[in-house]
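Going by UniProt numbering, the first residue of the sequence shown is number 1, and it counts up by one from there.
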Amino acid sequence: MAFSLQLLVPLDVVLSQDHNQIVTLLEYVRYEFLPQIQQSSIKIMSILSSRMVGLVQLLLKPNVSTSLVEDYASCLEFRSQECQVIENSRDDPGILIMQLLIDNVSRPAPNITHLLLKFDLDTSIERTLLQPKFHFRFCC
Numbered sequence: 001m002a003f004s005l006q007l008l009v010p011l012d013v014v015l016s017q018d019h020n021q022i023v024t025l026l027e028y029v030r031y032e033f034l035p036q037i038q039q040s041s042i043k044i045m046s047i048l049s050s051r052m053v054g055l056v057q058l059l060l061k062p063n064v065s066t067s068l069v070e071d072y073a074s075c076l077e078f079r080s081q082e083c084q085v086i087e088n089s090r091d092d093p094g095i096l097i098m099q100l101l102i103d104n105v106s107r108p109a110p111n112i113t114h115l116l117l118k119f120d121l122d123t124s125i126e127r128t129l130l131q132p133k134f135h136f137r138f139c140c
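Right, here's the structure in full:
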């Protein structure tokens, strides 16, 4: 009986071959009908942001970064409006997004935190004046 050995390749390597697939997976953050899919999308963003050089530049394509930033902000806003006790914080989309921001803030610029917080990526990050461009309601 002959067994074929399959070479297992990490997901980030497979996805780097087709950038459209990366964007498609990350856009599932807006899929609120099944929380596990939304959580998986955020977790994929976290993995890719730690392994894939140039992810931010890929996401800066027209219409991609704007909708992705709005989707992440909307997800956070929705989570903050629920105002419920979080049973399993490890899988809560709001906490996953906050952890994504924290994990990336110290990575070289520009990083996912800079992108999602709407830093001006055309200038030096150190010179960015922190002024919110969008107003989102957060209440609890």
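By construction, the Cβ of each residue, glycine as well, lies at the ideal position given by its N, Cα and C atoms.
Alpha carbon to alpha carbon, how far is glutamine 36 from serine 50? Give it in angstroms, no decimals. Those two C-alpha atoms are separated by around 21 angstroms.
With H, G and I counted as helix, E and B as strand and the rest as coil, what does DSSP make of methionine 1? With a pLDDT of only 48 at methionine 1, under the threshold of 50, the placement of this residue in the model should not be trusted; the figure read from the coordinates follows. Three-state result, methionine 1: coil.
Have a look at isoleucine 95 and valine 105 and give me their C-alpha separation to the nearest angstrom. Looking at the two C-alpha atoms, the distance is approximately 15 angstroms.
Residue environment, isoleucine 42, which counts as buried when at least 16 other CB atoms sit within 10 Å: Buried, by the Cβ-count rule.
Mind checking which residues open and close the alpha helix (DSSP H) that includes threonine 113? Per DSSP, threonine 113 belongs to the alpha helix (DSSP H) from 112 to 116.
First and last residue of the alpha helix (DSSP H) that includes aspartate 71? Per DSSP, aspartate 71 is one residue of the alpha helix (DSSP H) stretching across 64 to 82.
Start-to-end residues for the alpha helix (DSSP H) that takes in leucine 26: Run containing leucine 26: 19 to 26, per the alpha helix (DSSP H) assignment.
Just to confirm, is the Cβ distance from phenylalanine 78 to glutamate 32 under 8 angstroms? In contact: phenylalanine 78 and glutamate 32 (Cβ atoms closer than 8 angstroms).
Taking the alpha carbon of serine 16 as the point to measure from, which residue in Gln57, Ser40 and Asp92 has its own alpha carbon closest? Checked all of Gln57, Ser40 and Asp92; the closest Cα to serine 16 is Gln57.
Can you look up serine 40 in the DSSP assignment and give me helix, strand or coil? In the structure shown, serine 40 adopts helical secondary structure according to DSSP, grouped into three states.
Quick one: grab the DSSP three-state call for methionine 98. It is helical.
If you measure between the beta carbons of leucine 68 and leucine 26, is that distance less than 8 angstroms? Yes.
Tell me the residue span of the alpha helix (DSSP H) that contains aspartate 12. Going by DSSP, aspartate 12 is part of the alpha helix (DSSP H) stretching over 11 to 15.
Between which two residues does the alpha helix (DSSP H) harbouring valine 105 extend? Run containing valine 105: none; DSSP gives neither H nor E here.
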